[in-house]
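> In the working numbering, the protein residues as written are 572 to 817.
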C-alpha cells in the first residue's frame, strides 16, 4: 500500500505543479502548433492554450496587457516592435521558421500562367491579408511592388483580417485569386495553387518566437520554446510545409 500511496502523491504533485501556458501565434501556424501542443502536453503534463490571429493583432493585444507566455509571429517587424518596448525576454528570441507565398484560385477557377495575369479583367477580386498590417498581406504587397504589379491590381484587393480569412474568401469563390502562404494553401482542398513564388524572388519570410516579459511562468515558457525548436517539432513544421531555420 505504501508504494501505491507514494506514487499517488507523486502524480498529485505533478498535476498540482503543471503549468498552464498561453501561446499567441500567427494564424498560419494553427494546424502545426495544435499538433505540437498536444505532443508537448502529453510529454510534460503542462497545458498549452493557443490564441491564433494575425501577428499585428496579437502584438497589439500584448501591448495592451493581454496575458501571454509566448509570442510566435509571422514576421520580424511585429516582434521588433515588442522588443523595442521591452515586452519580450530578448535572450529567448529565436528565428524558427521560413515560408513562401503562392497565388491561389478557387478549385476549377481561372487558369493563371504568370503573375501578370492578376491584372486581367477576369480577375475582379484579389484576396490578401490586409496589406497595411497583416504580415501575409504586407509580404504580398512587397512582392507585387517589386515586380511592378501593385498599382495595376491595387483596386482589386480585398483585404482580410488574417491569412486564413484571405484563403477562405477564395475558397468560397468570392475572389478569383488570392495570395497566401504556401503552408496555408497546402491544407485546403478548395483552392488550386496557380503559381508558386520562389523564395529567391519573393520576400524573406521569417517566423520569430520569444517568451513574453510578463509571462506568469517564464521558466515553463522557456521549456516550451525549446521544445518548439527541437528536432521533433521541426519534423512537424516541415510536414506542414514550413522551412526550418537551423
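We treat Cβ as the ideally placed atom computed from N, Cα and C, and that holds for glycine.
None of these values were measured; they are calculated from a predicted model.
1. Check whether the Cβ atoms of residue 699 and residue 726 lie closer than 9 Å to each other.
2. Taking the alpha carbon of residue 667 as the reference point, which residue from 789, 786 and 776 has its own alpha carbon closest?
3. Nearest to residue 705 by alpha carbon, out of 677, 676, 680 and 735?
4. So what does DSSP say about residue 671, is it helix, strand or coil?
5. Count the C-beta pairs between the region 776 to 785 and the region 683 to 695 that are closer than 8 Å, then say yes if the count reaches three, no if not.
6. Please determine if the region 744 to 763 and the region 621 to 632 are in contact, where contact requires at least 3 C-beta pairs separated by less than 8 Å.
7. So what does DSSP say about residue 657, is it helix, strand or coil?
8. For chain B, find out if any of its Cβ atoms is closer than 9 Å to the Cβ of residue 725; answer yes or no.
9. In angstroms, rounded to a whole number, what distance separates the CA positions of residue 774 and residue 732?
10. According to DSSP, is residue 697 helix, strand or coil?
11. Per DSSP, what kind of secondary structure is residue 614 in: helix, strand or coil?
12. I think residue 640 touches residue 592, with their Cβ atoms under 8 Å apart; what is that distance to the nearest whole Å?
13. Looking only at C-alpha atoms, which of 714, 694 and 740 sits nearest to residue 702?
Well, looking at it:
1. Working through the chain shown from its first residue, we reach residue 699 at position 128. Working through the chain shown from its first residue, we reach residue 726 at position 155. Against a cut-off of 9 Å, the Cβ pair of residue 726 and residue 699 comes out as no contact.
2. For the purposes of this step, residue 667 is taken as the residue at position 96 of the chain shown. Selected option, being the one with the closest Cα: 776.
3. As a working mapping, residue 705 is identified with position 134 in the chain shown. Checking every option, the nearest Cα to that of residue 705 belongs to 735.
4. Taking the chain shown and counting its residues from 1, the one referred to as residue 671 is at position 100. Three-state DSSP puts residue 671 in coil, outside helix and strand.
5. no
6. no
7. Your numbering for residue 657 matches position 86 in the chain shown. Reduced to three states, the DSSP call for residue 657 is coil.
8. Here there is only one protein chain, and chain B is not present.
9. If you number the chain shown from 1, residue 774 lands on position 203. If you number the chain shown from 1, residue 732 lands on position 161. If you take the alpha carbons of residue 774 and residue 732, they lie about 20 Å apart.
10. Stepping through the chain shown from its first residue, residue 697 is reached at position 126. Correct three-state label for residue 697: strand.
11. By one-based count along the chain shown, residue 614 stands at place 43. Correct three-state label for residue 614: helix.
12. In the chain shown, residue 640 corresponds to position 69, counting from 1. In the chain shown, residue 592 corresponds to position 21, counting from 1. Contact flag correct, Cβ pair sits at about 5 Å.
13. Here the question's residue 702 lines up with position 131 in the chain shown. It is 714 whose Cα lies nearest to the Cα of residue 702.
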